[in-house]
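My numbering applies: residue 20 is where the sequence shown begins, and numbers increase by one. We put the CB at the ideal spot given by N, CA and C, even for glycine.
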Amino acid sequence: MILTSPSATNPTRPTVAASTNSQHSSSLSLRILPGSASVTRPSLPVAKPVTTPLVHSRRDDNLAGSHPNPRSRLEVVTGPDVLTGVLPVAPTVFTDDEELDVAGLRRVCDYLIDSGVAGICILANYSEQFSLTDDERDVVLETVLDHVAGRVPVCVTTSHYSARIAADRCAQAAERGADLVMLMPPFFGATLRVGPGAVLDYFHRIADEVQIPIMIQDAPMSPTALPVELIGDLATKIDTVRYAKIEVPQAAAKIGALAEWSEALPGIFDGEEAVTLIPDLRAGAVGTMSSVLAAAELVSIMRRWTAGDSWGAEEEWERLLPLLHYENRQCGLAAAKAVLAAGGVITSDRTRAPFQPLPAATRDTLIDLARRRDAFALRWAA
Numbered sequence: 020m021i022l023t024s025p026s027a028t029n030p031t032r033p034t035v036a037a038s039t040n041s042q043h044s045s046s047l048s049l050r051i052l053p054g055s056a057s058v059t060r061p062s063l064p065v066a067k068p069v070t071t072p073l074v075h076s077r078r079d080d081n082l083a084g085s086h087p088n089p090r091s092r093l094e095v096v097t098g099p100d101v102l103t104g105v106l107p108v109a110p111t112v113f114t115d116d117e118e119l120d121v122a123g124l125r126r127v128c129d130y131l132i133d134s135g136v137a138g139i140c141i142l143a144n145y146s147e148q149f150s151l152t153d154d155e156r157d158v159v160l161e162t163v164l165d166h167v168a169g170r171v172p173v174c175v176t177t178s179h180y181s182a183r184i185a186a187d188r189c190a191q192a193a194e195r196g197a198d199l200v201m202l203m204p205p206f207f208g209a210t211l212r213v214g215p216g217a218v219l220d221y222f223h224r225i226a227d228e229v230q231i232p233i234m235i236q237d238a239p240m241s242p243t244a245l246p247v248e249l250i251g252d253l254a255t256k257i258d259t260v261r262y263a264k265i266e267v268p269q270a271a272a273k274i275g276a277l278a279e280w281s282e283a284l285p286g287i288f289d290g291e292e293a294v295t296l297i298p299d300l301r302a303g304a305v306g307t308m309s310s311v312l313a314a315a316e317l318v319s320i321m322r323r324w325t326a327g328d329s330w331g332a333e334e335e336w337e338r339l340l341p342l343l344h345y346e347n348r349q350c351g352l353a354a355a356k357a358v359l360a361a362g363g364v365i366t367s368d369r370t371r372a373p374f375q376p377l378p379a380a381t382r383d384t385l386i387d388l389a390r391r392r393d394a395f396a397l398r399w400a401a
């Protein structure tokens, strides 16, 4: 997954109405937009999400009163129920002046649920989590969990170099109703990394704080190595480590090598905008953690694959691949916002500085690729 930030001027977008609701961070004043108006959405020729639902939930009466909208807390996943299918990373939506757009974030969640996704991931790298204050993280967390309201599982990314802070983030997510958490191993910058023993200690500390499933994110952004044996060791020694997102070069080979630990680690997803989806599924992946750009189309592919139509899934993926490849190699995280804005799902495709808008030519090519494939993201708000 690349985080491209090309330098160019983006075409002017409609101005977002000023908010009357303010929340204050120690370092940034937050202005968030009120709820969005309802829209009539086109029907989608993609049926139910490809997923074995997370049905291992229960209401924890101890949560009552601790949160204005208490949700269910999940028990440790040790049974056969495993989340599979399309689990896209939702972008954090901003206004043109880089304030949080809560209404836009809610609309993204509705678009994804209407796309048939198996779940939604928030506060990940493609969510620009590194551009958010702690107060803003709280707003995103509360907004998504309250708005999704159990319609699909929600995965909350809680990565941090500090084991203590990461554990606190995981505990907060679990208490507020997250279904699982995802973390990269501890690192900072390009050179501050830790060894296998420290990685084990780190995830043990996380597991001591939460009893919901943990997904390990193996991404090129982190210089801390996660060899196959270490991932297998983590899954074997920590009951709640049940998932892994593998988005490194030669991902299929690594996914295949992890088959030795399939009982302890049954939920392996790929990433990288699904540009290697079919090879990764053949190797044993159970789903993809893509961006939101082509969520409905990827759901359709996964339905074919799960139904045993591997050739049909591959043909459909190959038709989609030019769009996915262009997103991955030419646009980075700005692509999904550009398409969502073009389709009216969100009002602004703004990313926070120092990220720059897509060059006009790049954006035009991206939208053309999406239109030629009749992307649901361009039709949902019509």
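The beta carbon of Val-213 is closer than 6 Å to those of Pro-205 and Thr-243 in its chain, skipping five residues each way along the sequence.
The DSSP-derived three-state label of Ile-265 is strand.
Per DSSP, the continuous beta strand (DSSP E) segment holding Cys-174 begins and ends at 173 to 176. A straight line joining the alpha-carbon of Leu-131 with that of Leu-211 spans about 36 Å. In the structure shown, Ile-320 falls within a helical segment according to DSSP collapsed to helix, strand and coil. If you ignore the 5 residues before and after Ile-320, its C-beta comes within less than 6 Å of the C-beta of Ala-332, Glu-335 and Trp-336, all in its own chain and listed in chain order. Pairing Val-318 with Val-105 gives a Cβ-Cβ distance under 8 Å. With a beta-carbon spacing of about 5 Å, Phe-207 and Tyr-180 fall inside the 8 Å limit used to define contacts. Here Pro-110 is buried: its Cβ has 16 or more other Cβ atoms, across all protein chains shown, within 10 Å. For Val-200, the uninterrupted beta strand (DSSP E) run begins and ends at 199 to 202, by DSSP. Under the three-state reduction of DSSP, Phe-374 is assigned to coil, being neither helix nor strand. Counting along the chain, Gly-135 sits inside no alpha helix (DSSP H), nor does DSSP assign it H or E at all.
Judged by DSSP secondary structure, Gly-214 falls outside any alpha helix (DSSP H); it is assigned neither H nor E. Judged by their CB atoms, Pro-232 and Thr-259 are nearer to each other than the 8 Å cut-off. Its chain contains Val-247, Ile-265 and Val-267 as the residues whose beta carbon lies nearer than 7 Å to that of Lys-273, once the 5 sequence neighbours on both sides are disregarded; these appear in chain order.
In the DSSP annotation of this structure, the continuous segment of the alpha helix (DSSP H) that includes Gly-331 starts and ends at 329 to 345.
Distance between Ala-360 and Ala-122, taken at the CA atoms: about 13 Å.
Nearest C-alpha to Leu-219 among Val-108, Leu-253, Asn-144 and Met-234: Leu-253.
The C-alpha of Arg-156 lies about 8 Å from the C-alpha of Gln-148. For Asp-237, the pairing in a beta bridge is given by DSSP as Ile-265. Note on the segment 98 to 132: there is no whole alpha helix (DSSP H) run with a minimum of 4 residues. Taking the CA atoms as reference points, Ala-379 sits about 13 Å from Val-358.
Three or more Cβ pairs drawn from the segment 276 to 288 and the segment 302 to 310 lie within less than 8 Å of each other, which places the two stretches in contact. At the C-beta level, Phe-395 and Ala-315 come within 8 Å of one another. For Gly-275, the enclosing alpha helix (DSSP H) stretches over residues 270 to 276. In the three-state reduction of the DSSP assignment, Asp-393 falls in the coil class, being assigned neither a helical nor a strand state. Ranking Trp-324, Ala-209, Leu-377 and Ala-355 by CA distance to the CA of Val-108 puts Ala-355 first.
Separation of Arg-322 and Ala-313 (C-alpha to C-alpha, rounded to the nearest whole angstrom) is 14 Å. Looking at Gly-196, Ala-276 and Ala-238, the one whose alpha-carbon comes closest to that of Val-167 is Gly-196.
In the structure shown, Val-358 adopts helical secondary structure according to DSSP, grouped into three states. Restricting attention to Gln-236, Val-171, Ser-146 and Arg-170, the CA atom closest to the CA of Val-159 is found in Ser-146. With respect to the 8 Å criterion, Cys-189 and Thr-176 are not classified as neighbours on the basis of their beta carbons. Relative to the Cα of Gln-230, the nearest Cα in the group Ser-329, Val-200, Pro-215 and Ala-238 belongs to Val-200. When the beta-carbon positions are compared, Val-171 and Ile-139 come within less than 8 Å of each other.
The beta carbon of Ala-217 lies closer than 8 Å to those of Pro-205 in the same chain, with the five residues before and after it left out. When DSSP states are grouped into helix, strand and coil, Ile-141 belongs to the strand group.
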